[in-house]
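Asker: Sharing a structure here in structure tokens format.
Residue numbers (the working numbering): 4 to 154.
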């Protein structure tokens, strides 16, 4: 198991705060790369996958761009563009209210639900693989510490 200084090939004694930020950033990229490798054959990005999961969680009820954006993991995502790409793939549908043109309802399609059914177990397996070096207790502690860091 390599320390972050070995990975970065630095002999500099990093301040603990910098070392922590670099370690968390490196781990985040490692996780993203792992999840992306699973999604790539299905031609969807991590952000598109996130939108599909948000819409599935609505249980057939409509969502809107603001609700989706508020629930996104990556707040920098262009939600309109993500939804447009998912529409082109027939994974979501968008309907504009005839009475109020500013009101737009977004739904996941049956195709989107089928894709999630297919991908969910593969993602779960990858998540387990990415975290299998830690015990359940260590994972719980890590989650508490990460939550504390964001507070």
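Heads up, the beta-carbon is just placed ideally off N, CA and C, and yes, glycines get one too.
The model shown is predicted, which means the values in this text are computed figures rather than measured ones.
Exposed or buried, which one is residue 15 when buried takes at least 16 other CB atoms within 10 Å?
Answerer: By one-based count along the chain shown, residue 15 stands at place 12. Exposed is the label assigned to residue 15, since fewer than 16 other Cβ atoms lie within 10 Å of its Cβ.
Asker: Return the bridge partner residues of residue 27 from the DSSP annotation.
Answerer: Within the chain shown, numbered from 1, the residue matching residue 27 stands at position 24. The partner list for residue 27 (beta bridge, DSSP) is empty, contrary to what the question assumes.
Asker: May I ask you to list the residues that DSSP assigns as paired with residue 96?
Answerer: Numbered from its first residue, the chain shown carries residue 96 at position 93. Partner(s): 110.
Asker: Using the C-alpha atoms, what's the distance from residue 50 back to residue 100?
Answerer: Here residue 100 corresponds to residue number 97 of the chain shown, with the count starting at 1. Here residue 50 corresponds to residue number 47 of the chain shown, with the count starting at 1. Straight-line Cα distance between these residues: approximately 26 Å.
Asker: With the cut-off set at 7 Å, would you say residue 106 and residue 41 are in Cβ contact?
Answerer: Taking the first residue of the chain shown as 1, we reach residue 106 at position 103. Taking the first residue of the chain shown as 1, we reach residue 41 at position 38. No, they are not a contact pair.
Asker: Let me confirm a value: residue 57 is counted as buried when at least 16 other C-beta atoms fall within 10 Å, else exposed. Which label applies?
Answerer: Your numbering for residue 57 matches position 54 in the chain shown. By the neighbour-count rule (16 or more Cβ atoms within 10 Å), residue 57 is buried.
Asker: Can the beta-carbon of residue 38 be found less than 7 Å from the beta-carbon of residue 26?
Answerer: Walking along the chain shown from the start, residue 38 turns up at place 35. Walking along the chain shown from the start, residue 26 turns up at place 23. In this structure, residue 26 does not lie closer than 7 Å to residue 38 by Cβ.
Asker: What residue range is occupied by the uninterrupted alpha helix (DSSP H) comprising residue 82?
Answerer: Stepping through the chain shown from its first residue, residue 82 is reached at position 79. Where residue 82 is concerned, the enclosing alpha helix (DSSP H) stretches over 82–91.
Asker: Assuming residue 140 is part of the alpha helix (DSSP H), what are its boundary residues?
Answerer: Along the chain shown, read from residue 1 onward, the residue named residue 140 stands at position 137. For residue 140, the uninterrupted alpha helix (DSSP H) run begins and ends at 139–153, by DSSP.
Asker: Tell me whether residue 77 sits in a helix, a strand or coil according to DSSP, three-state version.
Answerer: Translated into positions along the chain shown, residue 77 becomes position 74. If DSSP states are grouped into helix, strand and coil, residue 77 belongs with coil.
Asker: Counting pairs of beta carbons, one from the stretch 142–151 and one from the stretch 80–87, are three or more of them closer than 8 Å?
Answerer: no
Asker: So, does the stretch 51–70 touch the stretch 85–105, judging by three or more C-beta pairs under 8 Å?
Answerer: Between the stretch 51–70 and the stretch 85–105, the count of C-beta pairs closer than 8 Å reaches three or more; the two stretches touch.
Asker: Taking residue 29 and residue 10 to be in contact with their CB atoms under 8 Å, please state how far apart those CB atoms are, rounded to whole angstroms.
Answerer: As a position in the chain shown, residue 29 is number 26, starting the count at 1. As a position in the chain shown, residue 10 is number 7, starting the count at 1. Taking 8 Å as the upper bound for CB-CB distance, residue 29 and residue 10 are in contact here, some 7 Å apart.
Asker: Which residues in the same chain have their Cβ closer than 7 Å to the Cβ of residue 137, if we skip the five residues on either side of it in sequence?
Answerer: For the purposes of this step, residue 137 is taken as residue 134 along the chain shown, with counting starting at 1. Excluding residues within five positions, the ones whose Cβ falls inside 7 Å are 145.
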